[in-house]
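Reviewing the structure listed below.
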């Protein structure tokens, strides 16, 4: 091993430890730390994130990467190390342009803004969050100005979460969807709707936790390499492929939400648990493409979890763990988990109208970053768009613009990933059935782990080493298109709603 | 502010952040991190603890402390800062003699040994733990050799957990207890014993958690400044007075264990939540005297929690939260929580025979550090002493020598603190009744918070600024003695067991 490579590996090792504890601080703030303990965690997070950032942009690291990129050094590197060195150098070019003190301001504001969002949502008062949102928008623009000067800010943000993606492509894909879904949803809403009364009884959160554990294990989540926490908004994070954590939220009068959050976050987690462990804690591990990531969570949640056959092998066990479910037949349950309706909350939406929730957010973000719509106008704009796409108006900000945490930590440009994920899912589904046969059969026979294995081998194993375009090309051999997803929706809902 | 003081405060601030994340890593390892994620945490903990230790023993800090101790600088310091500077300098003199690389070995071995102990306990196989125990003993001796060369190792360990305490004093106090308790326990065991059948029914752990939350809140634990986790062995830790965490363990066929663990750990936590917040994250905060600390947890657990009057205001609520308790009258419950019997597990023992569990461990530790009894002989010695003091023999190591985690992280010399705590409690009780009137009345009327306030003002507020001897002198105005505890036992159990 060359001396530089040895130094570089030691340096990576130290960086890894800082990232490790930043992840842990974030996890604990959300899942465990008490109200009065938040400030201590924010102090520590600000300090260690700043140190971590300084390390990832230091002259020392830059010098090592330059050396490792020289032909004679580079030729000696493993393929993984070649990827890591190339990727880190590219990221560094951008990140080094962010002044360290401004980065520190960003980290502190992210944490404070996250807490303000929680308070604002609890109080259903946008004005508590507005000044923080304003700061996050300004800071996001400022950061994009350093990393990608002269580029359209919103395209920089889209590319950050889904490399190679831009608003022209998204306009096309979302356009294809809108064109097909607006008439489909009209037909569905005109059809007979199921009665959902039974789903509003009281479901003990302790029982819901047991069902969640069953579902996680059923789809292939490893408890030896994972943990579960409780938060306002479910999420997944990981330290490495050996420690991947999901959270959930339990509603006393809705058993379905926590089940599908479990399957969704479980999908993210299965991805991370199955990345090549050689990539752990490097730029090659932990998939950084959010569209690709969401394609996995949403494949489990929707393509598999909202298929009736998914439930055939486990439904009796669910009824045992949550006795009120004994009053609900599998048919009734299946109708309800595919109950299409115009609703207020994205995370609770059915898979069809969900698309409109994302299109709305995508347009909001374009309004913020392209049209510079001022923060105080955003709730009104939100409500207008809700009326336009979903024909309802939120009664308050908590069920309107405050419902998602994403903007609170500056994750602008993330929302489109969810729908890109579903678009990819339509494509994967067609390919998977070509290779493994009908999904209905596989699920009905309780062979879901075969699907997990297929996804492991086709997608998960590669972590961040394949860009979204490469993933799609490798799995499906074609360009991305919304048509397979549209076909899936049209076929499925013609059957669910008995449409002509 | 002098320039050195300013630098010193910045330095303390950085140290605080390292300690903060070391505490968090430990918390997460015990309460949340999955099996395969432990190694990543151990790596991080080893790194940051070593850095933290290096910071607390650096020449830079030493120089600052020297300067701050000069008369002109020292005179300008606040009383708190005077305490901190003096205390840190004294600790540093000792710690600086530990080689940094040996400290690192110690930290890593502590973490690995903790995991080995857990595996050994689960497998009930001492041989899994033995090599780690051997290393921990050797490392403990080695460390004592650096910090206190030439001193009796076991006295160094006792002084570490309860400053000013030595084996001569403990021999006297435990001797007083033995003399009185051996005949008392004989009399009790000869009396009529209550029927405990009802307490072995199934008690849902989810209900037990609800009862735990009720009890914590009832005694004064603040949820805004605290959190609860689940672990094999309950413990309390704190980041500052604003973030104090307890853990618990729930046995399906024993509702009492988790209740009393909650009250015990709640007592530790109430202590930490009520230390002068000015002392947060300094050598003045977070009480470092374990006898004094245990005196608080055990005051809540035994003096208050095992008093019938404690339950009068809450027993109905407990029965609501845990329906099986409706079959159990308060009288039956009271008899059971004071059911004296020879038993195997320290943490499950009644308050009387508990004393023998500690005396046994104290004698074991003397055997290890004074008589150098080899590790492989320890299970046999343990079982001999169990027979001698408690007239029973463990069927296996899990319910014998492996039951406690203390030795796994090298906390030799800690066990006597529990009994010292009870000895102090006897003294506090007499003083408290002098000042506030009969505890029975206060508890019966649901005025337990008045007792908490008394303890807050007399003990908690001072954190680490008063040594155990000073605490006793300030609260009781006399030397430590086991006589009040003996009087408490004799009076209480004459009544519980209707002894002549």
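Residue numbers (this note's numbering), protein chains in the order written: chain A, 29 to 528; chain B, 29 to 528.
Backbone N, C-alpha and C define an ideal beta-carbon position, used for all residues, glycine too.
Quiz item: Got a sec: is the Cβ-Cβ distance from residue 367(B) to anything in chain A below 9 Å?
Solution: Against the second chain, residue 367(B) aligns to sequence position 339. Not an interface residue.
Exercise. Could you run through the region 270 to 290 of chain B and flag, in chain order, every residue whose CB is less than 9 Å away from some CB of chain A?
Key: 270, 271, 272 and 273
Exercise. Just the chain B side, please: which residues come within less than 7 Å of residue 268(A) by C-beta, in chain order?
Key: Position 240 of the first chain, counted from the start, is the residue given in the question as residue 268(A). Within chain B, the residues near residue 268(A) are 68.
Quiz item: Can you find a CB in chain B that lies within less than 9 Å of the CB of residue 129(A)?
Solution: Numbered from 1 along the first chain, position 101 holds the residue referred to as residue 129(A). With 9 Å as the cut-off, residue 129(A) does not count as an interface residue toward chain B.
Quiz item: Using CA coordinates, which residue listed in 472(A), 36(A) and 67(A) is at the minimum distance from residue 267(B)?
Solution: For the purposes of this step, residue 267(B) is taken as the residue at position 239 of the second chain. Comparing Cα-Cα distances from residue 267(B) to each of 472(A), 36(A) and 67(A), the minimum goes to 67(A).
Quiz item: How would you call residue 334(B), buried or exposed, if buried means at least 16 neighbouring beta carbons within 10 angstroms?
Solution: Within the second chain, residue 334(B) is the residue found at index 306, counting from 1. Buried, by the Cβ-count rule.
Self-check item: Residue(s) in a DSSP beta bridge with residue 271(A)
Solution: Numbered from 1 along the first chain, position 243 holds the residue referred to as residue 271(A). In the DSSP output, where bridge partners are listed per residue, residue 271(A) has 268(A).
Quiz prompt | Residue burial classification, residue 309(A) (beta-carbon count within 10 angstroms, cutoff 16) | solution = Residue mapping note: residue 309(A) aligns to position 281 of the first chain, counting from 1. Buried, since its Cβ has 16 or more Cβ neighbours within 10 Å.
Practice problem: Report yes or no: do three or more beta-carbon pairs, one from the region 299 to 314 of chain A and one from the region 106 to 122 of chain A, lie closer than 8 Å? | Solution: yes
Quiz prompt | CB contact below 9 Å: residue 247(B) versus chain A | solution = Residue mapping note: residue 247(B) aligns to position 219 of the second chain, counting from 1. Not one chain A Cβ lies under 9 Å of residue 247(B).
Quiz prompt | Residues from the region 230 to 241 of chain B in contact with chain A, defined by Cβ distance under 7 Å | solution = 234
Quiz item: In this structure, what does DSSP give as the bridge partners for residue 282(B)?
Solution: Residue mapping note: residue 282(B) aligns to position 254 of the second chain, counting from 1. 279(B), per the DSSP bridge assignment.
Quiz item: Counting pairs of Cβ atoms below 8 Å between the region 513 to 528 of chain B and the region 441 to 460 of chain B, do you hit three or more?
Solution: yes
Quiz item: What do you get for residue 98(B), buried or exposed, if any count of 16 or more other CB atoms within 10 angstroms of its CB means buried?
Solution: In the second chain, counting from the first residue as 1, residue 98(B) sits at position 70. So residue 98(B) counts as exposed.
Self-check item: Rounded separation between residue 461(A) and residue 282(A) - CA only
Solution: Taking the first chain and counting its residues from 1, one reaches residue 461(A) at position 433. Taking the first chain and counting its residues from 1, one reaches residue 282(A) at position 254. C-alpha separation (whole angstroms): 33 Å.
Quiz item: How do the region 335 to 350 of chain A and the region 254 to 265 of chain A stand: do at least 3 beta-carbon pairs fall below 8 Å, yes or no?
Solution: no
Quiz prompt | 9 Å Cβ cutoff, residue 383(A) in contact with chain B | solution = Here residue 383(A) is taken as the residue at index 355 of the first chain, counted from 1. Taking Cβ atoms only, chain B never reaches closer than 9 Å to residue 383(A), which makes this a no.
Self-check item: Buried versus exposed call for residue 210(A) [16 or more other C-beta atoms within 10 Å across all chains shown]
Solution: The sequence position of residue 210(A) within the first chain is 182, counting from 1. Label assigned to residue 210(A): exposed.
Exercise. Please report the residue range of the alpha helix (DSSP H) in which residue 256(A) lies.
Key: Translated into positions along the first chain, residue 256(A) becomes position 228. Segment 254 to 258 is the beta strand (DSSP E) holding residue 256(A); no alpha helix (DSSP H) there.
Quiz item: Using 9 Å as the limit for Cβ to Cβ distance, is residue 76(B) near chain A?
Solution: Here residue 76(B) refers to the residue found at position 48 of the second chain. Chain A contact via Cβ: present.
Quiz item: Where are the alpha helix (DSSP H) runs, 4 residues long or more, that stay fully inside the region 285 to 325 of chain B, in chain order?
Solution: none
Exercise. Would you mind reading off the limits of the alpha helix (DSSP H) that contains residue 49(A)?
Key: The residue labelled residue 49(A) in the question sits at position 21 within the first chain. Unbroken alpha helix (DSSP H) run through residue 49(A): 31 to 59.
Practice problem: Leaving aside the five residues before and after residue 79(B) along the sequence, list all residues of the same chain whose C-beta is less than 7 Å from its C-beta, in chain order. | Solution: Looking up residue 79(B) in the second chain gives position 51. If we look at residue 79(B) and ignore the five residues flanking it on each side, its Cβ neighbours are 46.
Exercise. Could you check if residue 29(B) is buried or exposed, using at least 16 other CB atoms within 10 Å of its CB as the buried criterion?
Key: Residue mapping note: residue 29(B) aligns to position 1 of the second chain, counting from 1. Answer is exposed; the Cβ neighbour count stays below 16.
Exercise. Could you tell me the distance, in whole angstroms, from the CA atom of residue 201(B) to the CA atom of residue 492(B)?
Key: For the purposes of this step, residue 201(B) is identified with residue 173 of the second chain, where counting begins at 1. For the purposes of this step, residue 492(B) is identified with residue 464 of the second chain, where counting begins at 1. Using only the alpha carbons, I get a separation of about 24 Å.
Self-check item: Among 88(B), 70(B), 69(B) and 509(B), nearest to residue 40(B) - alpha-carbon criterion
Solution: Indexing the second chain from 1 puts residue 40(B) at position 12. Cα-wise, what sits closest to residue 40(B) is 88(B).
Quiz item: Between residue 224(A) and the rest of its own chain, which residues show a CB-CB distance below 6 Å, the 5 nearest in sequence each way excluded?
Solution: Indexing the first chain from 1 puts residue 224(A) at position 196. Cβ neighbours of residue 224(A) beyond the five flanking positions: 364.
Exercise. Mind listing the chain B neighbours of residue 254(A)? Cutoff is C-beta to C-beta under 7 Å, in chain order.
Key: Residue mapping note: residue 254(A) aligns to position 226 of the first chain, counting from 1. Here the neighbours are 62.
Quiz item: Listed from N- to C-terminal order along the chain, which residues in the region 481 to 498 of chain A have their beta-carbon within a distance smaller than 9 Å of any beta-carbon of chain B?
Solution: none
Self-check item: Complete beta strand (DSSP E) runs within the region 315 to 402 of chain B (minimum length 3 residues, chain order)
Solution: none
Practice problem: For the alpha helix (DSSP H) containing residue 95(B), list its first residue and its last residue. | Solution: Counting from one through the second chain, the residue named residue 95(B) turns up at place 67. Here the alpha helix (DSSP H) through residue 95(B) covers 87 to 97.
Quiz item: In chain order, which continuous runs of the alpha helix (DSSP H) of length 4 or greater are located wholly inside the region 453 to 521 of chain A?
Solution: 467 to 472, 476 to 486 and 496 to 504
Quiz prompt | Whole-angstrom distance between residue 477(B) and residue 300(B), CA atom to CA atom | solution = Position 272 of the second chain, counted from the start, is the residue given in the question as residue 300(B). Position 449 of the second chain, counted from the start, is the residue given in the question as residue 477(B). Each residue's Cα considered, the two are about 16 Å apart.
Quiz item: Just the Cα atoms here: how many angstroms apart are residue 577(A) and residue 243(B)?
Solution: The displayed coordinates of chain A run from 29 to 528. Any statement about residue 577(A) would go beyond what the structure contains.
Quiz item: Of the residues 436(A), 103(A), 287(A) and 383(A), which one's Cα is nearest the Cα of residue 212(A)?
Solution: Position 184 of the first chain, counted from the first residue, corresponds to residue 212(A). That would be 383(A), whose Cα lies nearest to the Cα of residue 212(A).
Quiz prompt | Neighbouring residues, chain B, relative to residue 53(A) (Cβ below 8 Å) | solution = Here residue 53(A) refers to the residue found at position 25 of the first chain. Result: 49 and 52.
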